[in-house]
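Protein chains: 2
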Amino acid sequence: MTPAADVPRSPSTSTETLADLSEGAVLGRIFPRLPAAAAELLGPGDDAAVISAPDGRFVVTTDMMIQGPDFRLAWSTPHDLGWKAAATNLSDVAAMGARPTALVLAIAAPPSTPVSVLEGIADGLRDCCEALAPGCGVVGGDLSASDALTLAVTAFGDLEGRAPVLRSGARPGDTVALSGRLGDAGIGLELLFRLGVDADGVPDLERANALKLTHPAEVAAQLTPVPPIASGPIAALAGATAMLDVSDGLAIDAGRIARASGVGIDFDSACLGERIEVALGGGEDHGLLATFAPDSALPPGFRRLGTVTAASASVRAGTITVDGAPHDQSGWDPYRGWDGAAG
Amino acid sequence: MTPAADVPRSPSTSTETLADLSEGAVLGRIFPRLPAAAAELLGPGDDAAVISAPDGRFVVTTDMMIQGPDFRLAWSTPHDLGWKAAATNLSDVAAMGARPTALVLAIAAPPSTPVSVLEGIADGLRDCCEALAPGCGVVGGDLSASDALTLAVTAFGDLEGRAPVLRSGARPGDTVALSGRLGDAGIGLELLFRLGVDADGVPDLERANALKLTHPAEVAAQLTPVPPIASGPIAALAGATAMLDVSDGLAIDAGRIARASGVGIDFDSACLGERIEVALGGGEDHGLLATFAPDSALPPGFRRLGTVTAASASVRAGTITVDGAPHDQSGWDPYRGWDGAAG
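Order-wise, the sequence lines are chains A and B. Each number in this note's numbering comes from the position in the first sequence (counting from 1) with 29 added on. Each number in this note's numbering comes from the position in the second sequence (counting from 1) with 29 added on.
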């Protein structure tokens with residue numbers, strides 16, 4: 030994480046807004062802050078970028094984050110937004126067993142937005158890439174006007190000669206294992222909804238900042254997740270039979286592997302911690318859930334959560350059980366309040 | 030353009046909105062309408078897609094279109110929006126001399142949006158790919174909620190062993206040539222601003238429809254551009270020294286080649302048609318502007334517009350002239366009214 034000497038490392042204190050500058054001038058402020066990609070053959074400045082794909086294939090995923098439905102500016106700093114936009118996309122690349130190589134970024138923002146907000150987003154993207162996927166960088170982008178701050182990231186990865194790890198390869202008897210955290214992001218969101226708002230339920234900067242002091246791990250897991258990107262290629266090398274990024278909660282995402290693979294998954298309650306409903310229901314943890322052949326040792330970073338079971342006439346594919354008993358997914362939903370809160 | 034027998038070819042007449050369906054159900058309605066990519070090794074349904082890159086490199090560009098700043102629903106049908114989102118991105122890929130291979134699409138829309146709107150967008154994307162870049166298809170996407178309809182497309186291309194054609198390779202004496210239309214899109218926009226609005230200046234469906242009958246070529250050039258995608262690889266094979274997509278007007282975009290190449294560009298007024306200011310100032314034509322060595326024959330589809338000139342102590346790099354005289358870029362600006370019109 031040693032910065033180049035000439036790259037600014039924190040947002041400028043200027044009060045200029047996007048409306049004060051040309052698009053070219055704004056891009057000129059943002060691009061120097063972004064990390065270069067080792068795979069970049071041609072970067073920003075032409076009609077398109079050119080990226081190296083030595084494997085002869087590339088992995089691609091895209092995700093859009095919009096102010097309101099996806100984030101609140103009272104809770105997330107610009108740096109947080111850039112970090113999360115990178116982290117969630119890198120995690121989808123890693124979930125294929127690929128090594129992230131590059132991102133492109135489209136930003137739309139109101140003309141009244143301070144340039145320092147975009148600088149902060151760029152800094153968050155850079156710091157996330159440097160921390161979680163060294164060598165991955167930003168090779169291009171687009172800047173538009175909008176009423177709501179919007180980030181669209183598309184991320185690329187290289188499979189390094191390996192087959193992609195799909196959701197559909199889990200087999201009965203396989204070990205179900207996780208790399209990453211479980212439940213913290215959901216707790217963080219629930220705390221923000223309950224205590225990070227004012228008396229009218231509107232997201233509140235000061236109360237959110239207080240939560241960041243009293244519950245740093247949970248709030249950080251929600252606002253600035255640290256997915257185990259390196260675990261993706263490690264799991265692929267270790268022979269993972271299926272894998273995905275846990276974005277909607279362990280039970281829902283395990284159900285996706287189970288359905289795609291035509292199997293069931295049984296979790297061992299002793300592996301899920303003290304708050305089982307939180308572990309199963311919390312979203313946005315962005316850990317990597319993978320399955321491995323029964324006789325193979327789990328690779329570093331992964332811990333056992335359960336076992337793949339066979340579907341049958343009485344147990345349909347996609348069924349999730351805990352200690353053999355059906356799991357009710359409606360137990361805990363940290364998103365319950367999401368649509369009701371503005372700001 | 031022969032459709033698969035089981036692919037729906039026109040929007041459903043259902044009145045369902047996005048709020049009536051799960052995200053999975055909406056995607057299930059959209060994806061069957063989208064074209065598959067010949068380069069697709071793994072399509073939608075996993076954490077990321079896998080695309081073939083036989084060249085060992087890939088070209089990438091991204092662009093966001095937002096209701097309000099970038100389009101008006103009173104003027105553009107959903108099919109128009111899908112078409113234009115694909116066409117503009119394909120054009121940026123072609124401008125590198127690459128063959129478009131695949132797209133990913135992130136859509137954000139209000140929950141009240143009829144599903145048929147998204148179906149129409151998908152149909153427009155499909156029809157554009159089939160018409161302009163056969164074999165190019167949609168390999169993945171993302172669906173979000175927002176207040177303003179937003180489309181973010183990222184497009185990929187294959188260089189087929191060739192060097193990318195950059196903006197920076199034009200040399201004094203080179204022929205400046207264009208494939209595509211010139212000025213129609215700007216005239217179409219000016220017509221829409223002036224005559225496609227009601228008495229209060231608000232974009233109006235009926236008046237826009239009337240314009241589509243009286244000025245079909247100009248309005249279509251603005252709302253559903255047909256960039257000469259095949260001309261990109263053709264120009265590269267013919268040895269184009271520089272190339273770009275004409276998106277902001279001939280004079281501005283020629284200036285970009287000239288600045289990047291350290292040269293000037295002189296247009297021959299006899300090659301610019303009867304309305305020279307419109308030819309030089311109209312934006313969004315999405316033709317391909319390229320330069321070729323003086324002794325090489327222009328490839329099919331390209332016509333001569335002028336000559337690359339040397340920069341000097343008195344003529345700085347980036348200078349655009351017409352018949353040797355400096356060009357004033359402020360002559361005609363079809364976007365003058367853009368920010369003032371809502372709807």
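Glycine residues also receive a C-beta, built at the ideal position from the N, C-alpha and C atoms.
| Check | Outcome |
| --- | --- |
| When you compare only the Cα positions, how much space is there between serine 43 (chain A) and leucine 147 (chain A)? | 12 Å |
| Quick one: using the 10 Å Cβ neighbour count with 16 as the cut-off for buried, is leucine 47 (chain B) buried or exposed? | buried |
| Between leucine 224 (chain A) and the rest of its own chain, which residues show a CB-CB distance below 7 Å, the 5 nearest in sequence each way excluded? | Arg236 and Leu240 |
| Look up valine 231 (chain A) in the DSSP assignment and say whether it is helix, strand or coil. | coil |
| So, with DSSP's three-state summary, where would you put threonine 243 (chain B)? | helix |
| Grouping DSSP H, G and I as helix and E and B as strand, with all else coil, what is glutamate 69 (chain A)? | strand |
| So is threonine 46 (chain B) in contact with chain A if we call contact Cβ pairs under 7 Å? | no |
| Between alanine 78 (chain B) and valine 182 (chain B), is the Cβ-Cβ spacing less than 7 Å? | no |
| Does the beta-carbon of serine 105 (chain B) have 16 or more other beta-carbons within 10 angstroms, so that it is buried, or is it exposed? | buried |
| Go to aspartate 182 (chain B), then tell me how far its alpha helix (DSSP H) extends in each direction, as first and last residue. | Here residue 182 (chain B) turns out to be valine, not aspartate, going by the sequence shown. Segment 179 to 187 is the beta strand (DSSP E) holding valine 182 (chain B); no alpha helix (DSSP H) there. |
| Going by C-alpha distance, which of B:Ala342, B:Asp274 and B:Arg345 is nearest alanine 123 (chain B)? | B:Asp274 |
| For the segment 266 to 298 of chain B, list the alpha helix (DSSP H) runs that are entirely contained and at least 4 residues long, ordered along the chain. | 279 to 290 |
| DSSP three-state label for phenylalanine 331 (chain A), please. | coil |
| At the 7 Å Cβ level, is serine 43 (chain A) part of the contact set with chain B, yes or no? | no |
| For isoleucine 258 (chain B) and chain A, any beta-carbon pair shorter than 7 Å? | no |
| I'd like the list of long-range same chain contacts for alanine 370 (chain B), defined as Cβ closer than 8 Å, with 5 residues on each side in sequence excluded. | Here the model assigns alanine 370 (chain B) a pLDDT of 42, short of 50, so the residue's position is not dependable and the matter cannot be decided. |
| Could you tell me which of A:Ile80, A:Thr336, A:Arg86 and A:Pro143 sits nearest to arginine 191 (chain A), measuring between CA atoms? | A:Arg86 |
| Do alanine 280 (chain A) and isoleucine 349 (chain A) come within 7 Å of each other at the CB atom, strictly closer than that value? | yes |
| Could you give the distance in angstroms between the alpha-carbon of alanine 68 (chain A) and the alpha-carbon of threonine 130 (chain A)? | 6 Å |
| I need the straight-line Cα distance from aspartate 171 (chain B) to threonine 91 (chain A), nearest angstrom please. | 6 Å |
| Grab me the residues of alanine 289 (chain A)'s own chain with a C-beta within less than 6 Å of its C-beta, minus the 5 sequence neighbours each way, in chain order. | Arg196 and Ser197 |
| Taking the beta carbon of histidine 356 (chain B) as the centre, do at least 16 other beta carbons fall within 10 Å, making it buried, or is it exposed? | buried |
| Would the beta-carbon of alanine 174 (chain B) fall within 7 Å of that of arginine 62 (chain B)? | no |
| Could you tell me the distance, in whole angstroms, from the CA atom of glycine 164 (chain A) to the CA atom of threonine 179 (chain B)? | 31 Å |
| Around the C-beta of threonine 243 (chain A), are 16 or more other C-beta atoms found within 10 angstroms, so that it is buried, or is it exposed? | exposed |
| Would you check whether the ligand NAP has a heavy atom nearer than 6 Å to the C-beta of alanine 135 (chain A)? | The ligand NAP is absent from the structure shown, which contains no ligands of any kind. |
| Of all Cβ atoms in chain A, is any one closer than 7 Å to the Cβ of leucine 63 (chain B)? | no |
| Listed in chain order, which residues of the segment 58 to 92 of chain A have Cβ atoms closer than 7 Å to some Cβ of chain B? | Leu70, Leu71, Asp75, Asp76, Ala77, Ala78, Val79, Ile80, Ser81, Ala82, Pro83, Gly85, Arg86, Phe87, Val88, Val89, Thr90, Thr91 and Asp92 |
| What are the partner residues of glutamine 96 (chain A), as DSSP defines its beta bridges? | A:Phe100 |
| Between aspartate 352 (chain B) and phenylalanine 296 (chain B), what straight-line distance do the alpha-carbon atoms span, to the nearest angstrom? | 6 Å |
| Of the residues A:Ser145, A:Ala246 and A:Asp187, which one's Cα is nearest the Cα of alanine 259 (chain A)? | A:Asp187 |
| How should aspartate 324 (chain B) be labelled, buried or exposed, when 16 other C-beta atoms within 10 angstroms of its C-beta is the threshold for buried? | exposed |
| Could you give the distance in angstroms between the alpha-carbon of phenylalanine 331 (chain B) and the alpha-carbon of proline 64 (chain B)? | 29 Å |
| Measure the CB-CB distance between alanine 54 (chain B) and methionine 93 (chain A) and report whether it falls below 7 Å. | no |
| For leucine 220 (chain B), which option in B:Pro245, B:Ala114, B:Leu211 and B:Gly202 has the closest C-alpha, if you only look at C-alpha atoms? | B:Pro245 |
| Would you check if the distance between the CB atom of valine 205 (chain A) and the CB atom of methionine 272 (chain A) is smaller than 7 Å? | no |
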